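Down below is the structure, laid out as structure tokens.
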């Protein structure tokens, strides 16, 4: 009986090696990103879950800027699961509790390796971002900063119509303001952060 010995071609070995190197580079990058995210999150039960599940799509810095209560975080986490976040029901509950505890309305900004001093309340002699005086400033500070940092607010330039659309969208997402307060916020934003006439 004659036995044929088939040896794989060198190209097949090269293809496998290329695939393996690519896979290892990809996974090491993912692990590094998750490790960086975990380092920028506050300690607590659920930190590792959030670091792994959420940073598949979101950077840690974008996650830590959102402020919400338990019901809001539950809605967000459930929406993310529907979009593909890999969390079991009990893991989702742990993540929701962690997020609600550490990123509740009014909680202090999280310091991370990439945060600027202005974003974290100032350091090294730098001044923190503040809002200019004007009618509506206190309302913006008490309502808008529940979810957004001041740098995001102060660097945006929009028309009155755009500000109105933005504030109405925030009200639809749970911002608890009256129609009069909406107009006060829109007027403040337009006066302080409106588009300049060209």
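Residue numbers (my numbering): 345 to 542. Backbone N, C-alpha and C fix where the C-beta goes; we use that ideal spot for every residue, glycine too. This one's a predicted model, so the numbers in the text were calculated from it and none came from an experiment.
With 16 other CB atoms within 10 Å as the buried threshold, where does residue 488 fall?
-> buried
Anyone know if the C-beta pair for residue 490 and residue 449 falls short of 7 Å?
-> yes
Apply the 10 Å Cβ neighbour rule to residue 539 and answer buried if 16 or more other Cβ atoms are within range, or exposed otherwise.
-> exposed
Segment contact flag, the stretch 431-441 with the stretch 388-399, C-beta cutoff 8 Å, min 3 pairs = yes
According to DSSP, what are the bridge partners of residue 478?
-> Answer by DSSP bridge pairing: none, since residue 478 is not bridged.
What is the residue span of the alpha helix (DSSP H) that residue 531 lies within?
-> 523-537
Check whether residue 404 and residue 384 have beta carbons under 7 Å apart = yes
Coarse secondary structure for residue 611, derived from DSSP in three states = Here the chain covers residues 345 to 542 and nothing more, so residue 611 does not appear.
Using the Cα positions of residue 459 and residue 408, report the straight-line distance between them to the nearest angstrom.
-> Model confidence at residue 459 stands at a pLDDT of 44, short of 50, so the residue's coordinates are unreliable and nothing is read from them.
If we count the other Cβ atoms within 10 Å of its Cβ and call it buried at 16 or more, is residue 520 buried or exposed?
-> exposed
DSSP on residue 430, reduced to helix/strand/coil?
-> coil
What residues in its chain sit with their C-beta under 7 Å from that of residue 389, if we drop five residues either side in the sequence?
-> 438 and 442
From this set, 505, 484, 504 and 435, which residue's C-alpha is nearest residue 495's C-alpha?
-> 484
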